[in-house]
Structures are given as C-alpha cells and as structure tokens.
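Take our numbering: the last position of the sequence shown gets the number 160, and nothing is skipped along the way. Each residue gets a CB set at the ideal place from its N, CA and C atoms; glycine is no exception. Report on the structure given below.
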Amino acid sequence: MWSRGALLGRVLLPLVDHQEPWRQDRRRENLRAWEIGTAAGERTIEIIAALAVHAVALDDSLSAEEIDALPLKVVADTVTGKRDYELLAGLPDPFTDERDGHAVSVFRLCVYRGGQYSLQLVRLGRELHHALIVLAERAPIRSPTCGDVFRRASAELS
3 MWSRGALLGR VLLPLVDHQE PWRQDRRREN LRAWEIGTAA GERTIEIIAA LAVHAVALDD
63 SLSAEEIDAL PLKVVADTVT GKRDYELLAG LPDPFTDERD GHAVSVFRLC VYRGGQYSLQ
123 LVRLGRELHH ALIVLAERAP IRSPTCGDVF RRASAELS
C-alpha cells in the first residue's frame, strides 16, 4: 500500500512541471522565500503525498490495488484536512525504501518540533494540495484518480 502512495509522490511534481513548466519556477521561488532547500522541500512534498494516500487507504480500508481508483481530490482534501501527526498513523516498519524511511523520520521530527517546522509542513502541504488540484482540473477526464496520474506519468514522462 505504501509503495503506491510513494509512487504518486514521485511522479506528481514532474507531471505538473511537464504540463505547466512555469509552475516549477514558482514552487522553487516559494521554497527559497520560505528558506527551504529545493531538494528537501520537493522530497517532503513527495512524502506528504505518500502519507496522504496511505492515510486515506487506512481510513477506507483500501488495498494497494484499490488505490488506483482513489480520486485526486480526496487525496488533496486529506493533505489539508488532516493534522500532520494524523498522517503518521499505521506506517510500515521498516520501510522497503530506506529513502522513504528517512524522509518520514524527518517529517516526524518536524511535526514534533512544532513552531517554524510545522509552519514549513503546512506550506509544503499547500504546495502539494495545489499540485493535486492542478492535475485534477487539467485532466482530460472528469474526477481523475491516482491510477489516471500513474498512466499519464507513464505516457508523458517516459
């Protein structure tokens, strides 16, 4: 289940940037203004996407296969509708991808430290929410799903 959410996180920003290249510059401008490194900020956006998909899958008792049918708007609403610490429930241990485990640990540390770190997570969550909404609104079909994003990424980013 985690791997499907992680895949969404990995393809999301490249797909948005492919569709609307100017968005990458705007996102990176925001990261600089917030004093967040580009690589760290974009990796955190990826992990928040994975955490949101995982949270929805747990809440709705979805299998990994059912994640493909999950609407993007539901994921977007989860990003802004759940508190950061709620996204940490039920995570795999250990992670099969060490990079994911490390990124989740950094996310967890930011949640528990609070203050400016929590503010950064809120800002990055808004960036993710915006990216998901852009993909949903620009999709050639009505109510696109995670599976639609995987297929588009495969076709457009290959």
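| Query | Result |
| --- | --- |
| Where Thr98 falls: helix, strand or coil (DSSP) | coil |
| Residues near Ala42 in its chain [Cβ-Cβ closer than 6 Å; skip 5 each side] | none |
| Pairwise C-alpha distance: Leu126 and Val81 | 10 Å |
| As assigned by DSSP and simplified to three states, the class of Pro73 | strand |
| Leu15 beta carbon near the ligand SAM (any heavy atom closer than 7 Å) | As presented, the structure is devoid of all ligands, the ligand SAM included, so that no description of it is given. |
| Inter-stretch contact at 8 Å, needing at least 3 Cβ pairs: the stretch 122-142 / the stretch 73-91 | yes |
| Per DSSP, cross-strand counterpart(s) of Thr236 | Residue 236 falls outside the range modelled here, since the chain spans only 3 to 160, and no answer is possible. |
| Residue interval of the alpha helix (DSSP H) (run including Ala54) | Thr40 to Asp61 |
| Coil, strand or helix - Leu64 by DSSP | coil |
| Outcome for Arg101 when other beta-carbon atoms lying within 10 angstroms are tallied against a minimum of 16 | exposed |
| Proximal residues to Pro16 (C-beta, below 8 Å), its chain only, five neighbours per side dropped | Ala155 and Leu159 |
| Helix, strand or coil at Ala141 according to DSSP, with G and I counted as helix | coil |
| Presumed contact (8 Å Cβ cut-off) between Val55 and Phe152, rounded CB distance | Rounded, the Cβ-Cβ distance is 12 Å, inconsistent with contact. |
| Environment of Pro146 [buried if 16+ CB atoms lie within 10 Å] | buried |
| Residue nearest to Glu129 in terms of C-alpha spacing, selected from Gly7, Glu68 and Ile38 | Ile38 |
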